[in-house]
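A short worksheet on the structure shown next.
Numbering (UniProt numbering), first residue to last: 1 to 155.
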């Protein structure tokens, strides 16, 4: 008997749970030479990809983590002098974070290694498979992210 769509989706979700754990473990080992963790790599990435200073809530939203989780990692990155804290003219209690020169150097080194790994991984899939996977994952994400009420968000 063929599995139902619901059973197939459940299998996809279970695989995602396993993949999440595997990616975190792999990421921790991948960035260990820079004395980072997957969580800190994620925060550096949010700041690098944004191209502008972000508040902890903005980093959290960009990476799908809690504000408290982002704040903890940003504090550790600040202590390591990989990010700097700047005043936020729009919200006095929510400073802005940006990469330091050393943070950009570290992130650049990791990103160069990641691009090689991504090239290797991508070789195992067709462009159509990757596009389909991206659409499915984006749809699942959209179905599980609560709608944001129209109000002033902390910046």
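Glycine is no exception: its CB is placed at the ideal position from the N, C-alpha and C atoms.
Of the residues the options, the one placed nearest residue i, counting alpha carbons only
{"i": "residue 145", "options": "35, 7 and 61", "result": "61"}
{"i": "residue 44", "options": "13, 19, 118 and 80", "result": "80"}
{"i": "residue 33", "options": "15, 49, 136 and 107", "result": "107"}
{"i": "residue 30", "options": "137, 136, 114 and 135", "result": "114"}
CB of residue i within 8 Å of CB of residue j, strictly
{"i": "residue 96", "j": "residue 55", "result": "yes"}
{"i": "residue 82", "j": "residue 59", "result": "no"}
{"i": "residue 40", "j": "residue 77", "result": "yes"}
{"i": "residue 38", "j": "residue 49", "result": "no"}
Straight-line Cα distance separating residue j from residue i
{"i": "residue 11", "j": "residue 141", "result": "16 Å"}
{"i": "residue 67", "j": "residue 120", "result": "33 Å"}
{"i": "residue 69", "j": "residue 1", "result": "44 Å"}
{"i": "residue 47", "j": "residue 8", "result": "36 Å"}
{"i": "residue 89", "j": "residue 64", "result": "25 Å"}
{"i": "residue 86", "j": "residue 103", "result": "15 Å"}
{"i": "residue 17", "j": "residue 123", "result": "24 Å"}
{"i": "residue 154", "j": "residue 57", "result": "With a pLDDT of 49 at residue 154, under the threshold of 50, the modelled position of this residue cannot be trusted, and the question is left open."}
{"i": "residue 118", "j": "residue 111", "result": "10 Å"}
To test your reading of the DSSP string, which unbroken alpha helix (DSSP H) runs of 4 or more residues are found completely within the UniProt domain "HTH marR-type" (6-142)?
38-50, 56-63, 67-79 and 101-122
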